[in-house]
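Asker:
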Amino acid sequence: MINVNNIEELIKKKALELGYEACGIIKVEEMKSYAERLNENVEPFPELKSIYKKLLYPYAVPQESHEWAKSIIICVSRYGQYKLPDNISSQIGKHYWFDVRKAKNTEEYNNRILFDNYLNTLGLKAFRDDLGFGTTAYKWAAQKAGLGVIRKNSLFYTNSGSWVVMDSWLVDKEMELIDTPSLKPCPNACTKCQDACRTKALVKPYTVNALKCITYLTSIADDLPPEELREKIGGCIYGCDACQDACPMNKNCLSEEEDFPDVNKIAEYMSLENVFNMDDKIFREIIQPKFWYIRERNLWKWKANSIIAMANNFESKYEKYLKIACDDEHEKVREIAKWACAKLSI
Ligand code: SF4
Ligand code: SF4
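One point on numbering: in the numbering used here, the residue at position 92 of the sequence shown is 109, and numbering is uninterrupted.
Below is the structure:
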């Protein structure tokens, strides 16, 4: 029974009404422990320090950029109910097909705005980062709020498995709403996620070397993947789900019974040949707003990713593309095409 005099319970009630699976609230100070976790994570990989300092450490102290922030509301939503496109879906991480962060034609996108407005009607100042990677470290905040657990593959799980995403709001009132997750921990002996990680980015439980992770290498990274990892990328062209697909805690969590706007339309552009031939107009108008981790200046990266996937899953129909790319106008495309031709001896 919800006590409507309790603002935390009102917030949670509204979040659930708007389709979120779970909602919790923590004080901003609770995020300090995230910095300690990062310190542990960075210890074996000093090369990650500068990236983490710029991108991740600020998440431990959101009150430094928003000095009025006292609490963090964190909401979880599931996407395992949505249908993946046929045939090509494994080339792209599942979440990215259903990324609502810039998808104005989705219910989830508009529900986040309704939630912004609701928080304002409660007299709260609230901030949600609607353009980028969020206001804090989602997984850590959600675990702190007791909404689920971070497993050994470093991903956050609820009863819906790891096929969930989170939104967060900084608010100017001290509040707390902590749940108790009912999930079993990872079995001590289980190493299925680590075994499934082809690039060995998942070096030990709870520790990912981002610079070797296929998701990073095929999306955010501004450069070509290191030569020793290219074959291990396999057919991935944007993200990787291997450590989630292998996890027994994800069993039966993908129901795929609902359509998601535009997925099949966009899938038509995502065959390796079409990605290779993607022009600037299709990239800017259709692909980049959907798969936005590859930045607007990096159309070359889609071509390079398609070349790596063609080389790793070679069919004779790809040969002409790999040869044409050896004379591409972009230096990095030429470089990766030459690597592919040398690997295939064509
Ligand atoms: S996403 Fe892929 S590459 Fe990254 S840690 Fe998981 S299995 Fe390894
Ligand atoms: S594969 Fe095993 S160790 Fe890895 S996250 Fe799943 S249950 Fe935990």
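All C-beta atoms, glycine included, are put in the ideal place defined by N, C-alpha and C.
Would you give the residue range spanned by the alpha helix (DSSP H) that residue 31 belongs to?
Answerer: Walking along the sequence shown from the start, residue 31 turns up at place 14. Residue 31 -> alpha helix (DSSP H) spans 24-34.
Asker: State yes or no: is the C-beta of residue 67 within less than 8 Å of the C-beta of residue 75?
Answerer: Looking up residue 67 in the sequence shown gives position 50. Looking up residue 75 in the sequence shown gives position 58. Cβ distance not < 8 Å, so residue 67 and residue 75 don't count as in contact.
Asker: I need the straight-line Cα distance from residue 283 to residue 267, nearest angstrom please.
Answerer: Walking along the sequence shown from the start, residue 283 turns up at place 266. Walking along the sequence shown from the start, residue 267 turns up at place 250. Whole-angstrom Cα-Cα distance: 26 Å.
Asker: How many angstroms separate the CA atom of residue 24 from the CA atom of residue 70?
Answerer: Residue mapping note: residue 24 aligns to position 7 of the sequence shown, counting from 1. Residue mapping note: residue 70 aligns to position 53 of the sequence shown, counting from 1. Each residue's Cα considered, the two are about 35 Å apart.
Asker: Would you say residue 187 touches ligand 1, meaning its beta carbon is less than 7 Å from a heavy atom?
Answerer: The residue labelled residue 187 in the question sits at position 170 within the sequence shown. Flag unset: Cβ of residue 187 not near ligand 1.
Asker: Here's the rule I'm using: 16 or more other beta-carbon atoms within 10 Å means buried, otherwise exposed. How should residue 139 be labelled?
Answerer: Looking up residue 139 in the sequence shown gives position 122. It is exposed - the Cβ of residue 139 has fewer than 16 other Cβ atoms within 10 Å.
Asker: Quick one: what does DSSP say residue 37 is sitting in, helix, strand or coil?
Answerer: Here residue 37 is taken as the residue at index 20 of the sequence shown, counted from 1. The answer is coil: DSSP assigns residue 37 none of H, G, I, E or B.
Asker: Can you tell me whether residue 184 is helix, strand or coil according to DSSP?
Answerer: On the sequence shown, residue 184 is found 167 positions in, with the first residue counted as 1. Looking at residue 184 - three-state DSSP - the assignment turns out to be strand.
Asker: What residue does the alpha helix (DSSP H) around residue 129 start on, and which one ends it?
Answerer: In the sequence shown, the residue the question calls residue 129 occupies position 112. Run containing residue 129: 124-138, per the alpha helix (DSSP H) assignment.
Asker: Classify residue 18 as buried or exposed, calling it buried when 16 or more other Cβ atoms lie within 10 Å of its own Cβ.
Answerer: Along the sequence shown, read from residue 1 onward, the residue named residue 18 stands at position 1. Note on residue 18: pLDDT 44, under 50, position unreliable in the model; the coordinate value appears next. It is exposed - the Cβ of residue 18 has fewer than 16 other Cβ atoms within 10 Å.
Asker: Using 7 Å as the cut-off, classify the Cβ of residue 260 as near or not near the heavy atoms of ligand 1, replying yes or no.
Answerer: Working through the sequence shown from its first residue, we reach residue 260 at position 243. Within the cutoff, so yes.
Asker: With 16 other CB atoms within 10 Å as the buried threshold, where does residue 125 fall?
Answerer: Numbered from its first residue, the sequence shown carries residue 125 at position 108. Per the 10 Å Cβ criterion, buried.
Asker: Going by the C-beta, is residue 176 closer than 7 Å to any heavy atom of ligand 2?
Answerer: Start at 1 with the first residue of the sequence shown, and residue 176 comes out as number 159. No, since every heavy atom of ligand 2 falls outside the 7 Å radius drawn around the Cβ of residue 176.
Asker: Residues around ligand 2, please: the condition is that the C-beta lies closer than 5 Å to some non-hydrogen atom of it.
Answerer: With the cut-off at 5 Å, the residues found are 168, 169, 170, 203, 207, 209, 210, 264, 266.
Asker: Report yes or no: do the segment 335-353 and the segment 307-321 share at least 3 C-beta pairs separated by less than 8 Å?
Answerer: Touching, per the Cβ criterion.
Asker: Taking 7 Å as the cut-off, is the C-beta of residue 11 nearer than that to any heavy atom in ligand 1?
Answerer: The question about residue 11 has no answer, for the chain in this structure spans 18 to 363.
Asker: Less than 8 Å separating the beta-carbons of residue 195 and residue 310?
Answerer: Locating residue 195 in the sequence shown gives position 178, where the first residue counts as 1. Locating residue 310 in the sequence shown gives position 293, where the first residue counts as 1. The answer is no: Cβ separation not under 8 Å.
Asker: My output table needs one value for residue 107: the three-state DSSP class, helix, strand or coil.
Answerer: One-based indexing of the sequence shown puts residue 107 at position 90. Helix.
Asker: For residue 45, report the span of its beta strand (DSSP E) as first-last.
Answerer: For the purposes of this step, residue 45 is identified with residue 28 of the sequence shown, where counting begins at 1. Residue 45 -> no beta strand (DSSP E), and no H or E assigned at all.
Asker: So, do the segment 83-101 and the segment 149-162 have three or more beta carbon pairs nearer to each other than 8 Å?
Answerer: Yes, since at least three Cβ pairs between the segment 83-101 and the segment 149-162 fall closer than 8 Å, the two stretches touch.
Asker: When you compare only the Cα positions, how much space is there between residue 153 and residue 169?
Answerer: Within the sequence shown, residue 153 is the residue found at index 136, counting from 1. Within the sequence shown, residue 169 is the residue found at index 152, counting from 1. Their Cα atoms are separated by approximately 21 Å.
Asker: What do you reckon, is the C-beta of residue 194 under 7 Å from a heavy atom of ligand 3?
Answerer: This structure simply doesn't include ligand 3; it includes ligand 1 and ligand 2 instead.
Asker: Can you list, in chain order, the residues of its chain with a C-beta nearer than 6 Å to that of residue 289? Leave out the 5 residues immediately preceding and following it.
Answerer: Translated into the one-based positions of the sequence shown, residue 289 becomes position 272. For residue 289, where only same-chain residues beyond five positions count, the Cβ hits under 6 Å are 323, 326, 327.
Asker: Please say whether residue 231 and residue 257 have beta carbons closer to each other than 8 Å?
Answerer: Mapped onto the sequence shown, residue 257 falls at position 240. Mapped onto the sequence shown, residue 231 falls at position 214. Cβ atoms of residue 257 and residue 231: closer than 8 Å.
Asker: Should residue 204 go down as buried or exposed, given a rule of 16 or more other Cβ atoms within 10 Å for buried?
Answerer: Along the sequence shown, one-based indexing puts residue 204 at 187. The residue is exposed, with fewer than 16 neighbouring Cβ atoms inside 10 Å.
Asker: Cα-Cα, which of 51, 312, 335, 297 is closest to residue 156?
Answerer: Stepping through the sequence shown from its first residue, residue 156 is reached at position 139. The shortest Cα separation from residue 156 among 51, 312, 335, 297 belongs to 51.
Asker: Mind checking which residues open and close the alpha helix (DSSP H) that includes residue 82?
Answerer: Mapped onto the sequence shown, residue 82 falls at position 65. First-last of the alpha helix (DSSP H) with residue 82: 79-82.
Asker: Do you know whose CA, among 183, 38, 202, 225, lies nearest residue 55's CA?
Answerer: Counted from its first residue, the sequence shown places residue 55 at position 38. Of the listed residues, the one whose Cα sits closest to residue 55 is 225.
Asker: By alpha-carbon positions, which one of 113, 273, 147, 339 ends up nearest to residue 308?
Answerer: Here residue 308 is taken as the residue at index 291 of the sequence shown, counted from 1. When only C-alpha atoms are compared, the closest one is 113.
Asker: Please determine whether the Cβ atom of residue 321 lies at a distance below 7 Å from any heavy atom of ligand 1.
Answerer: Here residue 321 refers to the residue found at position 304 of the sequence shown. Not so, every heavy atom of ligand 1 lies at least 7 Å from the Cβ.
Asker: Ligand 1 and residue 232: does any heavy atom of the ligand fall closer than 7 Å to the residue's C-beta?
Answerer: Locating residue 232 in the sequence shown gives position 215, counting from the first residue. Because some heavy atom of ligand 1 lies under 7 Å away, the Cβ of residue 232 counts as near it: yes.
Asker: Is the Cβ-Cβ distance between residue 40 and residue 178 less than 8 Å?
Answerer: Walking along the sequence shown from the start, residue 40 turns up at place 23. Walking along the sequence shown from the start, residue 178 turns up at place 161. In this structure, residue 178 does not lie closer than 8 Å to residue 40 by Cβ.
Asker: Is residue 249 closer than 8 Å to residue 430 when the C-beta atoms are compared?
Answerer: Absent from the structure is residue 430, since the part of the chain shown begins at 18 and ends at 363.
Asker: Along the chain, where does the alpha helix (DSSP H) containing residue 351 start, and where does it finish?
Answerer: Mapped onto the sequence shown, residue 351 falls at position 334. Counting along the chain, the alpha helix (DSSP H) containing residue 351 begins and ends at 348-361.
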